[in-house]
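Reviewing the structure listed below.
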Amino acid sequence: MIYLDNSATTRPCDEAVKAACENMKNNFGNPSSLHKAGIEAEKVIKSAKKTILAKLGLEGEIYFTSGATESNNTVILGTAKAYKHNGKKIVTTSTEHPSVSAPIDKLCEQGYTAVRLSPKDYDDFEKAVIDAVDSDTFLVSVMWVNNETGFITDTAKIYNGVKRKNPKTIVHVDAVQGFCKAPPKTLKADFISLSAHKIHGIKGIGGLFVAKNMRFEPLLYGGGQQKNLRSGTEAVDLIAGFEAAVKYYPDCTEKYARLNEILQERLSALEGITINSYNNTKNILNFSVKGVRSEIMLHFLEESEIYVSSGSACSKGKTSGVLSAFGVTDENADSAIRASFCPETTEEDIIALADGIKKGIERFRR
Amino acid sequence: MQEVIMVKYGEIALKGLNKHTFEDMLIRNIKRRLKSCGEFEYSRRQSTVYIKPLSEDADIDGAIERLKCIFGIAAIQRSAQLPKNWDEIVKLGMPYLEDVLSCVKTFKVDAKRSDKAFPMKTPDIQRELGGAILSAYPHLKVDVHNPDVTVILEIRDTHAFINAEKLPGQGGMPVGSSGNALLLLSGGIDSPVAAYMMAKRGLNVDAIHFQSPPYTSERALMKVEELCEKLTPYCGDIRFYCVPFTEIQEALRDNCPEEYFTIIMRRLMMKIANKICEEKDYKALITGESVGQVASQTLMALACTDKASDVPVFRPVIGMDKKEIVEIARRIDTFETSILPYEDCCTVFTPKHPKTKPVISEVEEAEAGFDFAPLLEKAVKEIVIKDFKA
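Note that the protein sequences, when read in sequence, are chains A and B.
For any residue, its number in my numbering is found by taking its place in the first sequence, counting from 1, and adding 2.
For any residue, its number in my numbering is found by taking its place in the second sequence, counting from 1, and adding 1.
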């Protein structure tokens with residue numbers, strides 16, 4: 003199997019599986035229990051928090067959630083409640099993941115307004131985001147790396163600019179696709195959403211970074227775990243796997259750049275290929291194959307056990323709003339393919355993909 | 002006190018000398034569906050099937066849920082079986098009705114006396130029963146026009162039966178009583194509804210599906226299989242024939258004029274389905290076509306499709322609006338599955354400008370550009386069969 007859909011999810015690394023199993027077998031206490039078994043479980047959580055904070059290079063607190071969807075919902079709905087006197091406006095992008103855009107839609111139903119900016123409209127996207135902030139803006143929510151194209155937003159630049167303009171405005175960053183992959187100096191925020199399964203951790207566990215002095219109303223009420231902000235017994239085994247994955251994920255900047263270059267080179271030998279990614283992390287390459295619908299190409303590649311994504315491009319036959327926000331035409335969005343790499347991806351994998359695309363074109367292009 | 006489920010027939014009751022064959026079939030269907038609910042004793046008298054639980058742990062609620070989906074049943078009444086003695090009827094019957102009567106405000110009574118030897122006449126029974134209910138449940142009022150519940154007392158041959166909730170059945174005829182037919186199941190909203198409607202008329206329905214990987218995904222197949230599962234409570238066991246259709250569609254695309262793609266594809270599907278009918282003895286085909294819905298469902302297109310079939314093609318939703326079809330799809334719980342957004346083979350190679358008024362001679366000419374027969378044979382040979390049990 004040649005798995006090139008690592009932006010959808012990744013294979014849990016051996017280290018993560020081992021750490022999770024180890025905890026399931028030998029360290030299964032409830033971290034809230036007063037006895038030793040509970041304390042040992044709590045230690046796992048503490049250690050994981052430290053590891054994640056160190057990787058982020060930021061100071062603050064880590065909360066564990068069921069995944070990035072919960073983290074994003076918690077921040078958006080929870081800060082709207084906690085800071086309801088700070089304004090009714092949200093500045094965000096039209097390329098966000100649905101777990102960000104949908105809760106914002108919900109707030110808009112309750113009287114909030116949202117400004118959604120598209121990268122294609124600006125040469126300096128970060129500046130455009132900062133410019134859109136005013137005295138009524140309580141929240142800025144931007145993704146660090148886009149899941150469909152890999153487009154990087156310099157959230158540190160946005161954070162600093164926003165705070166100069168309106169110190170009360172909260173900055174949230176969905177860092178799911180960037181974590182461990184994008185340059186750390188481009189990340190800064192009050193709230194950061196993370197997910198383990200995009201970095202070879204296990205599905206069902208996510209993280210929420212909260213900077214000092216930041217507040218939010220919890221989404222869930224119950225036993226008061228995690229400082230009363232995220233009730234529910236912590237998923238210790240998955241958290242242990244999360245930590246192991248963070249420790250495992252190597253710096254692949256150069257490797258991804260090379261793989262990306264090879265793929266682009268191979269594709270450029272074919273006719274009718276448009277590269278849709280720009281200003282992107284090199285682990286993702288989105289491209290369109292003229293005359294072959296994404297879904298057909300995807301299933302064709304699947305027959306040779308090559309797995310890619312149609313870039314969530316044409317769900318239900320509708321073209322992706324996200325790709326069009328990056329300036330991709332409807333026709334190209336309909337034939338868009340996303341390949342996304344992981345530390346184990348090889349040059350041979352990339353070449354097999356390019357060959358597969360070539361064969362697909364020969365068979366399907368009319 | 003003994004509880005029984007009384008199942009009243011619909012149309013079967015009107016049958017003549019062959020009535021018992023229909024009854025047998027209905028009881029067989031019921032027995033099969035209620036097997037997992039525990040042990041019951043079945044008997045029939047006076048156009049009613051009596052289902053008596055034989056042990057404490059028989060799941061009466063579960064049985065009733067299943068009965069609600071079985072065709073051939075007009076009404077389901079969960080009743081107390083009482084001795085035919087007025088004092089006993091009141092003594093045992095009043096507490097039995099408590100669950101229902103304590104939560105409503107108004108009622109009326111409906112008495113039936115099929116045992117004419119019973120000493121009280123129907124109007125007397127109605128009056129006495131009403132009085133007994135009012136004194137046992139003083140919070141109630143009588144409302145003969147819009148009662149919250151109707152308490153039904155039936156004085157029958159061996160016992161009296163009392164209940165306060167008559168549940169509607171599906172109606173129709175017992176599945177299997179009208180023979181076997183094959184459904185063309187695409188995965189859309191209409192074809193499962195068509196299956197439901199023909200099963201209601203007593204047809205035993207199996208399904209055929211055309212699959213075109215890589216143009217269609219495995220999820221499209223999973224979706225259709227899920228639809229089969231959702232139909233089994235109504236249709237009973239379903240045999241599912243999955244036809245590999247990619248080669249045929251590609252040959253069609255490469256050899257026939259684009260404007261005829263859809264109509265020829267429909268005809269080729271009919272031809273394959275007819276081969277299965279011949280081999281496996283299905284007497285009819287069922288489709289979810291509705292006049293005017295898409296280009297292949299105009300009157301002339303349907304006529305061209307029909308010409309490709311030797312067996313009759315039933316189209317039970319032919320005169321229904323989408324809205325009406327959706328209503329049924331929701332009721333039988335196939336709607337949410339049907340709208341899952343996976344490409345099916347019908348939408349592969351859709352022509353930009355399909356012929357809406359095809360003429361059979363032109364279609365046959367367009368079709369003659371390629372010899373499909375060997376590919377059809379091959380497809381039939383490579384069919385994958387799967388059985389879905391009710």
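Glycine included, each C-beta is placed from N, C-alpha and C at the ideal position.
These numbers come from a predicted model, not from an experiment.
How about I4(A): is its C-beta nearer than 8 Å to some C-beta of chain B?
Chain B contact via Cβ: absent.
**Item:** Neighbour list for H174(A) in chain B, Cβ cutoff strictly below 8 Å
**Value:** Neighbours of H174(A) on chain B: none; closest Cβ ~30 Å, over 8 Å.
Margin query: Please report the straight-line C-alpha distance between M384(B) and D255(B), rounded to a whole angstrom.
Written below: Reading off the sequence shown, one finds Ile at residue 384(B), where the question assumed Met. If you draw a straight line from the Cα of I384(B) to the Cα of D255(B), it is about 23 Å long.
* To do: With a cut-off of 8 Å on the beta carbons, I'd call G80(A) and I286(A) a contact; round off their distance for me.
  => In fact, because the Cβ distance is near 30 Å, the residues do not count as touching under 8 Å.
**Report entry** Cβ neighbour criterion (16 or more within 10 Å) applied to I353(A)
**Finding:** Exposed is the call here.
- prompt: Do the stretch 176–192 of chain B and the stretch 295–309 of chain B make contact, defined as three or more Cβ pairs closer than 8 Å?
  reply: Contact between the stretch 176–192 of chain B and the stretch 295–309 of chain B is absent, because fewer than three Cβ pairs lie under 8 Å.
Within 10 angstroms of its Cβ, does D58(B) collect 16 or more other Cβ (buried), or is it exposed?
Burial call: exposed.
Next item on the list: Give the interface partners of I298(A) over in chain B, defined as CB-CB distance under 7 Å, in chain order.
Entry: Neighbourhood of I298(A) in chain B, by CB distance below 7 Å: P215 and Y216, in chain order.
**OP:** Measure from the alpha carbon of Q127(B) to the alpha carbon of each residue in K113(B), D62(B) and I264(B), then state which is nearest.
**Re:** Among K113(B), D62(B) and I264(B), the Cα nearest to that of Q127(B) belongs to K113(B).
- Query: Name the chain A residues that come within less than 7 Å of E344(B), Cβ to Cβ?
  - Reply: Using a Cβ-Cβ cut-off of 7 Å, E344(B) is close to E297 of chain A, given in chain order.
- prompt: When we look at the beta-carbon of M183(B) and count the other beta-carbons within 10 Å, is it buried (16 or more) or exposed?
  reply: Strictly speaking, residue 183(B) in this sequence is Leu, with Met absent from that position. Result: buried.
Checklist line | Alpha-carbon to alpha-carbon, P352(B) and R45(B) | finding: Between R45(B) and P352(B), the C-alpha separation is close to 57 Å.
- Give the single residue among E245(A), N32(A), M216(A) and I277(A) whose Cα lies nearest to the Cα of H199(A). That would be E245(A), whose Cα lies nearest to the Cα of H199(A).
If you follow the alpha helix (DSSP H) that Y235(B) is in, where does it begin and where does it stop? DSSP places Y235(B) inside the alpha helix (DSSP H), whose first and last residues are E219 to C236.
Classification of E307(A) by the beta-carbon crowding that lies within 10 angstroms, buried from 16 upward = Answer is exposed; the Cβ neighbour count stays below 16.
Discussion item. Determine whether the beta carbon atoms of A18(A) and G243(A) lie at a separation below 8 Å.
Written reply: It is a contact, given that the beta carbons lie within the stated cut-off.
Endpoints, the beta strand (DSSP E) within which Q212(B) is located: Here the beta strand (DSSP E) through Q212(B) covers N205 to Q212.
Which runs of the beta strand (DSSP E) fall wholly inside the stretch 53–123 of chain A and span at least 3 residues, in chain order?
Scanning the stretch 53–123 of chain A from its first residue to its last, the whole beta strand (DSSP E) runs of 3-plus residues come out as 62–67, 91–95 and 115–119.
inquiry  = Short of 6 Å in beta carbon distance, which residues of its chain neighbour C38(B), apart from the five on each side in sequence? Order them along the chain.
reply    = Cβ neighbours of C38(B) beyond the five flanking positions: D60, G63 and A64.
For R268(A), name the three-state secondary structure that DSSP assigns.
In this structure, R268(A) counts as helix in the three-state DSSP scheme.
Contacts that H99(A) makes with chain B (C-beta to C-beta distance below 9 Å): Under a criterion of Cβ atoms nearer than 9 Å, no residue of chain B is adjacent to H99(A); the nearest Cβ is some 19 Å distant.
Notebook entry, point to check: Applying the criterion that 16 or more other CB atoms from any shown protein chain within 10 Å of the CB defines a buried residue, is E364(A) buried or exposed?
Noted result: Exposed, since its Cβ has fewer than 16 Cβ neighbours within 10 Å.
field: Where F72(B) sits in the DSSP three-state scheme
entry: Looking at F72(B) - three-state DSSP - the assignment turns out to be coil, as it is neither helix nor strand.
Item to complete: Spatial neighbours of L269(A) within its chain, please: CB distance less than 8 Å, with the 5 preceding and 5 following residues excluded, ordered by chain position.
Response: So the list reads I275, I277, F289, A356 and I359, once near-sequence residues are dropped.
Q) So, helix, strand or coil for I277(B), using DSSP? A) Helix.
Please report the straight-line C-alpha distance between G132(B) and D25(B), rounded to a whole angstrom.
Their backbone Cα atoms lie some 41 Å apart in a straight line.
Next item on the list: Tell me, to the nearest whole angstrom, how far the beta carbon of S96(A) is from that of A327(A); I am working on the premise that it is less than 8 Å.
Entry: With a Cβ gap of about 4 Å, S96(A) and A327(A) count as contacting.
**Q.** Check whether S197(A) and L210(A) have beta carbons under 8 Å apart
**A.** No, the pair does not count as a contact, with Cβ atoms beyond the cut-off.
Self-check item: Those runs of the beta strand (DSSP E) which lie wholly inside the stretch 269–349 of chain B and span at least 3 residues
Solution: Those beta strand (DSSP E) runs which fall completely within the stretch 269–349 of chain B and span 3+ residues are 285–287.
- [ ] Closer than 7 Å by C-beta to K109(B): which residues in its own chain qualify, once you throw out the five before and the five after it? Chain order, please.
- [x] V143, D144, V145, P148 and T151, listed in sequence order.
Quick one: residues in its chain with C-beta nearer than 8 Å to the C-beta of L221(A), no 5 flanking neighbours on either side, listed in chain order? Shown here for L221(A): same chain residues with a beta carbon closer than 8 Å to its own, the five before and five after excluded, namely E72, N75, T76, L79, G80 and R232 in chain order.
query: When we look at the beta-carbon of Y223(A) and count the other beta-carbons within 10 Å, is it buried (16 or more) or exposed?
result: Under this definition Y223(A) is an exposed residue.
R340(A) versus N149(A), M216(A), T157(A) and K229(A), residue with shortest Cα-Cα distance | The option with the nearest alpha carbon to R340(A) is N149(A).
Would you say E333(A) reaches chain B, if we count a Cβ-Cβ gap shorter than 8 Å as a contact? Output row for E333(A): interface = no.
### Query
For the beta strand (DSSP E) that L184(B) lies in, which residues bound it at each end?
Note, L184(B): beta strand (DSSP E), N181 to L185.
Minimum C-alpha distance to T155(A) - residue among H301(A), S101(A), T331(A) and Y280(A):
Here the closest residue by C-alpha is Y280(A).
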